[in-house]
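Just so you know, the working numbering puts the end of the sequence shown at 2169, numbered straight through with nothing missing. Quick reminder that beta carbons are idealized off the backbone N, C-alpha and C, glycines included.
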Amino acid sequence: MNRNILNLRHLTVLLMLCTAFLGGTIPAFAQQGGKKITGQVIDENKEPMIGVSILIVGTSTGTVTDFDGNYTLNVPQGSKELQFSYVGYETKVVPVPANSTTLNVQLKSDSQVLSDVVVIGYGTQRKSDLTGSVTNVSSKDFNMGLVSSPEQLINGKISGVQIMSNSGSPTAGSTIRVRGGASLNASNDPLIVLDGVPLEQGGISGNDGNFLSLINPNDIESMTILKDASSTAIYGSRASNGVILITTKKGSSDKLKITFSTTNSIQTRTKLADMLSYDQFVNTIRTQGTTAQQSLLGTAHTDWNDEIYQNAFGTDNNLSISGKIAKNWPFRISVGYYNQSGLLRTDNAERYTGSIMVTPSFFKDHLKLNINAKGSINNNTFGNTNAIWAASTMNPTIPVYSGLDTFGGYTEAIDNTGAPANGAVMNPVGLIKMNDSQSNVRRFIGNIDADYRVHFFPDLKLHATLGYDYAQGKGSVYVPAEAAQNYTTSGLDYSYGPQKKENRLLTLYANYNKLVESIKSSFDVTAGYDYQYWKATTPLYYEMNTLGEIQKTSKAKDERHVLLSYYGRLNYSFDSRYMLTTTIRRDATSRFAKNVRWGTFPSVALGWRVTEESFLKDNKVLSNLKIRASYGVTGQQDGIGNYNYLPIYTQSQNGAEGIMGNEYIHTYRPSSYVPDLKWETTTSWNIGFDFGFLKDRITGSFDYYTRQTKDLIATVPAAAGTTFDRNITTNVGNVDSQGIEFSVNATPIQTEDWNWDVSFNMTWQKMKVKNLSLSAGTVATNTSVGPYIDSYQVQTLSEGYAPYMFYVYHQLYDEKTGKPVEGAYLDVNGDGQINSSDLYRYHSPAPDYILGFSTSLRWKKWTLSTSLRANIGNYVYNAMAMNAGAWETVSYNSYQLNNLSTSYLKTGFQTRQYLSDYYVENASFLKMDNLSLNYNFGQICKGCSLNVSAMVQNVFCITKYSGVDPEVPNGVDNSFYPRPRTFSLNVGFNF
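Right, dumping it as structure tokens:
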């Protein structure tokens, strides 16, 4: 900060010198023609400003304002100007008054400087002084449209950050990856910090996959992404996968402001699975089916997708009031209501939110408080997603309703006993209509921050945060006894939860910020302490049928863990040209044994603002060039259990109970454990530069990074006979990754009527498994991973290769027809046999390149905006085409016909080819995520303005992939819930 404030020692010396000076040298000073200037410095609100730096231009002589904004300065004869400066305010140069000894000055805030201040871990920093890879996205640059969860605001906006919704359901969450993640089996999710409070990872009962959706996106002011180790290492053991800092909106000291916005939308389905049409299906059965199969053709003409899907309506309404309660009491209050139906009938997400923030200041701004509370209530109704597969494969010649009383009146395939046929596809309408699954989740996040700028030592700031994050989730499931889906168990009727999660935080740190003009140096030193405590409890409950009979037991859990941390950071700048940042953090977690509990995570970074050098300072083309380099170590202890290092007994698996009378007696077994389980650590190097041209009309950045993760925490198969568990959590190996990130932002046109902004970002990333020792003395050649397709897994972890590559046979093709030959594969090792030794690694689900593009064109009151994303080099295994693309799947029993994938017409496969590379498809794509047209009416009446926007989301997708959507989180597409196309209208009022 641009302050020239004296510390206590210097102040004492100065007072002694001033006393001597005033006692014996004033007459001499007067004889030399100098004079004493006094005055006061105030801000735009006429409040006194403390610590303003005042210099005699052309000298190093100066002073600072006191607690009342007053100053006194002896000005030698011949001095012409005084310079007044303070961080966040425009520097002002004022002539020395010729005929007066009083000079009062008012400083104006510099909006550009303020906008260049970004949130970093435990503080803020000017963008120009950053030495790490940090990207900030403010609310004006957020994605528009119906946004259900905060991460969707920045999708496609930042190089090195990939955000993918897990499905098209309104209750679905997102997969977030910063630089691709750094682990294999432990968590790859970035740390989310909301207003200084690190949030709980993972979900809760009733909201497992979308924990962030409990935060209202409309309350968010900005999101800052910390990517390299120099910026993330201050968070130590939780920062290997990057950090996302979310800052919510605050009140202001302006007049009362009321803002209301409403967004109403309709969602339509886009692409569905490619299945045989009605005519194709009937013709195929008649020409290729047996007599028995032909007899199963009906006379109905049912579009099963029309029966389970709908046009989904949504609304998002937000009201906020901001202003000030009293002179120094800014506040903001907001409430929100969101309701979104899903494309799948019975799917629905509803959310109520409320927040209040009060930021009072006391003692002439020496003490500032930030009191922040946010609450939400989520009510979800989950559609039965099994209906998606069923609707794709159900016989289109049979009716929805049977006209009978059995199975709720829905047509089902029944055997000779009247029960649902073994292996039969259930009626998709019955699956959704006769399955009532609901949840209720409540969350409260609050924090109290106190910043105290020490009296008599204003360079020193003391900070304290008390944070609390509480969530409670519960739900119920009801399936009537007559439903085919639970026919053998007489339905389902039970409630689960409430599961409770608590997260408590205490943060204490001191910050010393000093500008020493005489040596052209700025020091910013932070030292702190964190204590964070987590607790999760789940009661014992039983899954029961409609007769009250226990079908399954859910174990009771009461788990807790603690993280204790000490940390420090030094930011040093010389002459605003050369920057040094060093951090160190010591973390101790209760998840590891005492001898390995502590971890040390250091970092160092250097920066050089080349354009501040004399040979470039007056360059009219290159306005900014800063070179950065960093090194750091971060850790990982998320995504594992709390007691993996302890020899404990746990409740046995479901079904391993004894019964005495009507009481179930649970059995317990010793769990596998590794006493020396330790930190997973990631070492990172980063080099990059930031640039600006033409007075920053064009800005951007470039980064190259490389990192190595060692002592990977993974759950792997245990050696036979060593434990009662099949798997064990241990440290298993190393992974290397590297990448290039580039972004550029430009404003080609900027006039009073026209403004055109363009941004583009590109990411190249590569990850390789370097070592994967699953047990002592062995090396794993290939380890099958990924979701199961029947009993098969089609992905592998192999040393020397990218993780999760597809491990398949090389399909051979008929030279004349070009069709794949069933069961014909390349003999890779040349031994004359086709077996598992001929499997080979074929592409990866991870893209080689990730691209993002956005542009906004304004003409007077009209604004047209769009954003696009592209992935290049990602592959998907089309399990839907494989599993429904062979003749054997047309009938799993003698009572039912099933529809086939159009893949069957291209292959003619009689049996499913689970491990054929034919089904591994190039899923590169170009998507237009958003297209919006906005009209700003401005003032429509006194004190009231209106803004209207029309928007389309998921506008189009260009891809060669034959499945529903080329973006599949795990790379295996098996009956994917389609992402909707959304048309919405937003109306916003400001009063």
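- In this structure, the CA atom of Met1535 is about 7 Å from the CA atom of Asn1548.
- The region 1815 to 1826 makes no contact with the region 1307 to 1320: fewer than 3 CB pairs, one atom from each, lie closer than 8 Å.
- Annotation: Asp2095 is outside any alpha helix (DSSP H) and is labelled neither H nor E by DSSP.
- By the neighbour-count definition (other C-beta atoms within 10 Å, threshold 16), Val1325 is a buried residue.
- Taken in chain order, the complete beta strand (DSSP E) segments of 3 residues or longer contained in the region 1677 to 1730 are 1699 to 1716, 1719 to 1722.
- In chain order, Val1894, Leu1950, Leu1952, Thr1974, Leu1975, Ser1976 place their CB closer than 8 Å to the CB of Thr1961, counting only its own chain and leaving out the 5 sequence neighbours on each side.
- Around the C-beta of Tyr1846, fewer than 16 other C-beta atoms lie within 10 Å, and the residue is accordingly described as exposed.
- Out of Asn1562, Asn1573, Phe1635, the CA that lies nearest to the CA of Ser1615 is found in Asn1562.
- Within the region 1506 to 1585, the complete alpha helix (DSSP H) segments at least 4 residues long are 1564 to 1571, listed from N- to C-terminus.
- Membership of Leu1748 in the beta strand (DSSP E) is indicated by the continuous run 1735 to 1752.
- By the CB criterion at 9 Å, Ser1347 and Tyr2155 fall inside the cutoff.
- As the crow flies, the alpha-carbon of Pro2144 is around 24 Å from that of Ser1391.
- Here Gly1247 is buried, its C-beta having at least 16 other C-beta atoms within 10 Å.
- In the three-state scheme derived from DSSP, where H, G and I count as helix and E and B as strand, Tyr2070 is classed as coil.
- Taking all protein chains shown into account, Tyr2053 has 16 or more neighbouring C-beta atoms within 10 Å of its C-beta and is therefore buried.
- Bridge partners of Ala1628 according to DSSP: Leu1547, Ala1642.
- A residue is called buried once 16 or more other Cβ atoms fall within 10 Å of its Cβ, and Asn2007, having fewer, is exposed.
- Taking C-beta separations shorter than 6 Å and ignoring five residues to either side along the sequence, the partners of Thr2089 in its chain run Ala2064, Glu2066, following chain order.
- Looking at the DSSP output, Lys1270 shares a beta bridge with Phe1262.
- Distance between Ser2034 and Phe2115, taken at the CA atoms: about 18 Å.
- When Cβ pairs closer than 8 Å are counted between the two stretches, the region 1307 to 1316 is seen not to touch the region 1246 to 1261, the count staying below three.
- Annotated as proximal: Lys1698 and Phe1752, with beta-carbon spacing under 9 Å.
- Take Val2165, set aside five residues on each side of it, and the residues of its chain with a beta-carbon closer than 6 Å to its own are Thr1440, Val2126, in chain order.
- Contact fails between the region 2108 to 2123 and the region 2004 to 2024, because fewer than three Cβ pairs, one in each stretch, are under 8 Å apart.
- According to DSSP, residue pairing for Ser2110 in a beta bridge involves Ser2043, Met2129.
- Linking Tyr1656 to Gln1488 through their CA atoms gives a straight-line distance of about 23 Å.
- Rounded to whole angstroms, the separation of the alpha carbons of Leu1725 and Gln2011 is 55 Å.
- Taking C-beta atoms under 8 Å as the contact rule, Ser2153 and Asn2056 fail to qualify, at a distance of about 11 Å.
- According to the DSSP assignment, Phe1459 belongs to no beta strand (DSSP E) but to the alpha helix (DSSP H) extending over 1456 to 1466.
- DSSP assignment within the region 1361 to 1443 yields the following whole beta strand (DSSP E) runs of 3 residues or more, N-terminal first: 1369 to 1372, 1398 to 1404, 1421 to 1426.
- About 7 Å separates the beta carbons of Leu1522 and Ala1565, which is inside the 8 Å limit, making them a contact pair.
- Annotation for Gly1608: no beta strand (DSSP E) segment contains it, though the alpha helix (DSSP H) segment containing it runs 1606 to 1611.
- Taking a contact as a CB-CB distance under 8 Å, the pair Leu1372 and Ile1393 counts as one, their CB atoms being some 7 Å apart.
- Within the model, the alpha-carbon separation for Phe1438 versus Leu1377 is close to 28 Å.
- If you look at Trp1482, you'll find it in the alpha helix (DSSP H) that goes 1482 to 1486.
- With 16 or more neighbouring CB atoms inside 10 Å of its own CB, His1641 falls in the buried class.
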